[in-house]
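Report on one structure; see the data block that follows.
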Amino acid sequence: MWRYLFRRITLFVATSMVMMAVLFIATGLFPADKAHSLSGIQYPTAEQQQQIEQDYQLNDNALLQFTAYLRQRLSGNLGISSNSQQEVAGELASVLPASFELSLFSGFLAVFLGVPIGVIAALSRNKAIQHSILAFTLTGYSIPVFWLGLTLAMWFGVNLGWLPISGQINLLYEIEHVTGFMLLDTLLSDSTYRIPAFHDALLHLILPAVTLAVLPFTLVVRITRQAVISVMNQTYIRAAEARGLHTFKILIRHAMPNALIPVLKSIGLMLGSFASYGIVVEVIFSWPGVGSWLVSGIYQRDYTVIQAGILSVSLLIIFLSILIDLMHTAINPMSRKELYASH
Amino acid sequence: MPVIVKRWYQLISICISSMLLAACGQAKLPSGLVYCSEGNPESFNPQLVTSGTTIDATSNQIYNRLVNYSQTKGDITPGLATQWQVSEDGLSYQFTLREHVSFHKTHHFTPTRDLNADDVLFSFNRIIDPIHPYHLVSRTGYPFFQSIGFAELIESIEKVNDHQVIFHLTRKDASFLSNLATDFAVILSAEYGYRLLAQGKPENIDYYAVGTGPFQLSQYVKNEYIRYKKHPVYWGPTVEIDQLVFDITPRSTSRIAKLITGDCSVSALPKAAELAVLTQHPDVLVDAKPGLNVSFWAFNTQNPPLDDVRVRRALAHAIDKQNILEAVYNDTAVEATGVLPPASWAYSKNLSPNEYNPQKAIELLKQAGINQLSIDVWAMPVARIYNPSALKTAELIQADLARIGVKLNIISYDWSVFTQKLSASNYDSVLIGWNADNSDPDNFFTPLLSCAALASNNNRSRWCQKDFEHLLTQAQSVSTQPERKAFYQSAEAIISDQVPMVTLAHAKKIVLKKKNITAMKIRPYGGISFANTMQTSEENE
Chain X
860 MWRYLFRRIT LFVATSMVMM AVLFIATGLF PADKAHSLSG IQYPTAEQQQ
910 QIEQDYQLND NALLQFTAYL RQRLSGNLGI SSNSQQEVAG ELASVLPASF
960 ELSLFSGFLA VFLGVPIGVI AALSRNKAIQ HSILAFTLTG YSIPVFWLGL
1010 TLAMWFGVNL GWLPISGQIN LLYEIEHVTG FMLLDTLLSD STYRIPAFHD
1060 ALLHLILPAV TLAVLPFTLV VRITRQAVIS VMNQTYIRAA EARGLHTFKI
1110 LIRHAMPNAL IPVLKSIGLM LGSFASYGIV VEVIFSWPGV GSWLVSGIYQ
1160 RDYTVIQAGI LSVSLLIIFL SILIDLMHTA INPMSRKELY ASH
Chain C
85 MPVIVKRWYQ LISICISSML LAACGQAKLP SGLVYCSEGN PESFNPQLVT
135 SGTTIDATSN QIYNRLVNYS QTKGDITPGL ATQWQVSEDG LSYQFTLREH
185 VSFHKTHHFT PTRDLNADDV LFSFNRIIDP IHPYHLVSRT GYPFFQSIGF
235 AELIESIEKV NDHQVIFHLT RKDASFLSNL ATDFAVILSA EYGYRLLAQG
285 KPENIDYYAV GTGPFQLSQY VKNEYIRYKK HPVYWGPTVE IDQLVFDITP
335 RSTSRIAKLI TGDCSVSALP KAAELAVLTQ HPDVLVDAKP GLNVSFWAFN
385 TQNPPLDDVR VRRALAHAID KQNILEAVYN DTAVEATGVL PPASWAYSKN
435 LSPNEYNPQK AIELLKQAGI NQLSIDVWAM PVARIYNPSA LKTAELIQAD
485 LARIGVKLNI ISYDWSVFTQ KLSASNYDSV LIGWNADNSD PDNFFTPLLS
535 CAALASNNNR SRWCQKDFEH LLTQAQSVST QPERKAFYQS AEAIISDQVP
585 MVTLAHAKKI VLKKKNITAM KIRPYGGISF ANTMQTSEEN E
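These protein sequence lines are chains X and C, in that order. Going by the numbering used here, the letters in the first sequence line up with residues 860 to 1202, in that order. Going by the numbering used here, the letters in the second sequence line up with residues 85 to 625, in that order.
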């Protein structure tokens, strides 16, 4: 296992390096001076120019430039935003938690609603329930997220006026930035409006989270259903049934652990599209996370922000994919066997 | 099996009902008002800018001026100065300052004294005196004051005693008091200024602003919000709002959505086409007044081929303004025949405007010996009062010009990048406009088309003409309205003939607000003010 872990970590480092190399080359292609696109300083003073040239070794060959670039980025120097004149790293740190909050909440919605519904779809003998769940998930899977977001906003926000459709919280609540997770921050704040603020933040979260949850939810339902059906046909389940175990117990003890393995794997595969859907949802609902930050950076030609946005999102995806891969191997006896057999 | 299914049903129904409960519960809000604004302010000192977004966020909230306009009559009324005398020759103005006016107490600064003459001297000397320690702190200069030649107008400012100041002018200027009443001529704290200077952080004066206004700046998070607190010891009428928040929402649809869902109570600059949706929501009121503004298409008259007046005339004849009024403004604007809007007292109908006539345009181009003309137009990316969608306007103009065989390339950047590049770059033409700062007609000519404005980069046409300049000076030196009107009409005729810009429309000023917001008056000029706004408690939510 340790060896496997080591191999995965090497894979993580190698993939990240390739990704950063691509980003570095792309940075060179921006229609701006290289010093500007790397540091974000558009009109540097002579002193700053010298500092930039030294930091990024702009007078050396491409390989040395790349190592200098790696050194700067990995030490946390993401340059400054040419638009706001603030450190990009600081801005990134202030927008990341909002994105995490949204995606964690959607992820939980998808898994905690998706798995039970998938199980129902697999076990229900009622054809109508089966078909309606399948039809619903197929529809959900094929609806483009931007359309869904706008439609939900139109119905629940504009026409009915039930749910807020923009931002994280009503700004009259003055919530101090502690963790960056608005739901936690409202509870941590010492304002007298703590509970109404939490409530308001929750209302703001519903529509974006539901919109973002639809795609993973439908996938989770379909894959759970398939996995449960195939597991329930295994001989060991029949053996358990023959011993007279309660169906619920069979399901929880014997079927689910095996059925959830492919679900986990599919979540790992879905991360990329989940992230890009997240960006779209953030833009639609003006959610102040990495996605809307990145998109406004693109509009404003803020090269350092574009790099930092892409870098953080893709590093996160690489990291999480490998983490899920590891978890998958750790809990799946089958792949462990393969692993041992391979050497 | 049915047992399991039943349990899941229970679980799901519990989940769903708890979510619905969460959705329907009663929310209690802290008292305050949220205004959905359209963009980030560039600074917190209106002396340094001309952009309406910055003016809205600062001028009437954080600061006061020496004198104000009466919102109803367009007269000058007392502000921080309680009274003033003009000398016989019109060359000196003596102001008596209000007593017991206190500055904001913020995290960074605790004032030790009330407003006095030093603050007035500090605020204006910063603009006019090139060796003033704060003069060069502004990287953008003082565009409004430069565009009206303020430094040349003021000979000196004299402190008589703590509550008396005299402004000595170099020439008579009928618009002087009007200019002091504009949103730009705010009074800063000299004490704060010198303390920052001693701390070596003079640039903070424009960001961590301190003024005498009804609200004090509490927190600013770029792209998200600006938070103000009520000034507890404001000299004027008691401020009814405890907390004022500007929710920065660049997209017009989002602003309307926030207004409907109650995330903000007041919003501005709706796209005309989006107003229809508000008819379903009776708790949102649409307040529209004829505005003192003009949107125009300015030609860079220093760039060939636009330096040729025949080309400019041709382009003016090629544009179907009615079409723009319908498509962009949804008929919430009137067609512009000149620079002055009908709401100005100096307006009279232009009898010889450059009418829509593509045939004439083609002939004019032929006379100028130009074929295969291709020009760039820069279109503002944000909605302004005078033009809710410059991009759409640009596309309509593009179609109009295609009809006379001229190719138009549309260029756009994000707003702050746009204004920066506009001051620096070599553009062909730009779609922009002007929202008056006061009701004086001079405000439409001097800041936009004078030679002084050329130097401060506010003259988007980069046009400077002697006869025109002479007319403006003459109009300032006489004081009766009919005389001045005659001069401004001649100025209009020159613009119509020389076409440094094609004026397109005068838009109505539209403010959207919740029904429970009262006593909020819209002025036809200048920025928004929340000082007297009142909010009745929300019964329906």
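Just so it is clear, CB atoms sit at the ideal spot from N, CA and C, and this is done for glycine as well.
Under the three-state reduction of DSSP, which class applies to residue i: helix, strand or coil?
| i | result |
| --- | --- |
| W1146 of chain X | coil |
| G517 of chain C | strand |
| F251 of chain C | strand |
| K313 of chain C | strand |
| Q944 of chain X | coil |
| R149 of chain C | strand |
| W462 of chain C | strand |
| A467 of chain C | coil |
| F883 of chain X | helix |
| I1126 of chain X | helix |
| C548 of chain C | coil |
| S833 of chain X | No answer is possible for residue 833 of chain X: it lies beyond the span of chain X, which begins at 860 and ends at 1202. |
| W861 of chain X | helix |
| E447 of chain C | helix |
Let's see if you can read the secondary structure: which residues bound the alpha helix (DSSP H) around residue i?
| i | result |
| --- | --- |
| Y1095 of chain X | T1094 to A1101 |
| S898 of chain X | K893 to S898 |
| R394 of chain C | V393 to A402 |
| F268 of chain C | No alpha helix (DSSP H) holds F268 of chain C; DSSP gives it neither H nor E. |
| Y1000 of chain X | K986 to S1001 |
| S1180 of chain X | Y1162 to I1190 |
For residue i, which residues of its own chain have a beta-carbon under 7 Å away from its beta-carbon, when the five flanking residues on both sides are left out?
| i | result |
| --- | --- |
| M1129 of chain X | P1075 and L1078 |
| L1062 of chain X | L1022 and P1023 |
| Q1159 of chain X | N942 |
| Q451 of chain C | R394 |
| A1072 of chain X | S965, L968 and A969 |
| N616 of chain C | P321 and A603 |
Name the DSSP beta bridge partners of residue i, please?
| i | result |
| --- | --- |
| L181 of chain C | C:A165 |
| D371 of chain C | C:V595 |
| S143 of chain C | S143 of chain C is not bridged to any residue. |
| W381 of chain C | C:L515 and C:V586 |
| W1021 of chain X | Paired residues: none, contrary to the question. |
| C120 of chain C | C:D331 and C:S351 |
| T602 of chain C | C:M618 |
| Y304 of chain C | C:I310 |
| N245 of chain C | C:Q248 |
| S240 of chain C | C:H252 |
| V170 of chain C | C:Y177 |
| F299 of chain C | C:K314 |
| I1034 of chain X | Answer is none; I1034 of chain X lacks a bridge partner. |
| I160 of chain C | C:Y153 |
| I939 of chain X | X:E946 |
Beta-carbon separation of residue i and residue j under 9 Å?
| i | j | result |
| --- | --- | --- |
| A258 of chain C | R568 of chain C | yes |
| L353 of chain C | R394 of chain C | no |
| D521 of chain C | I139 of chain C | yes |
| Y309 of chain C | N387 of chain C | no |
| P608 of chain C | P227 of chain C | no |
| T1163 of chain X | V947 of chain X | yes |
| G966 of chain X | V1080 of chain X | no |
| V249 of chain C | N148 of chain C | no |
| L1031 of chain X | S115 of chain C | yes |
| N307 of chain C | P1147 of chain X | yes |
If I follow the unbroken beta strand (DSSP E) through residue i, where does it start and stop?
| i | result |
| --- | --- |
| E419 of chain C | A417 to E419 |
| N493 of chain C | K491 to I495 |
Spatial neighbours of residue i within its chain, please: C-beta separation below 6 Å, excluding the five flanking residues on both sides.
| i | result |
| --- | --- |
| W1152 of chain X | V954 |
| S379 of chain C | Y470, N471, G517, L588 and A589 |
| D202 of chain C | A274 |
| E324 of chain C | M618 |
| H554 of chain C | none |
| I212 of chain C | A235 and I238 |
Can you find the residues in the same chain that come closer than 8 Å, C-beta to C-beta, to residue i, ignoring five residues on each side of it along the sequence?
| i | result |
| --- | --- |
| N288 of chain C | H192 and L280 |
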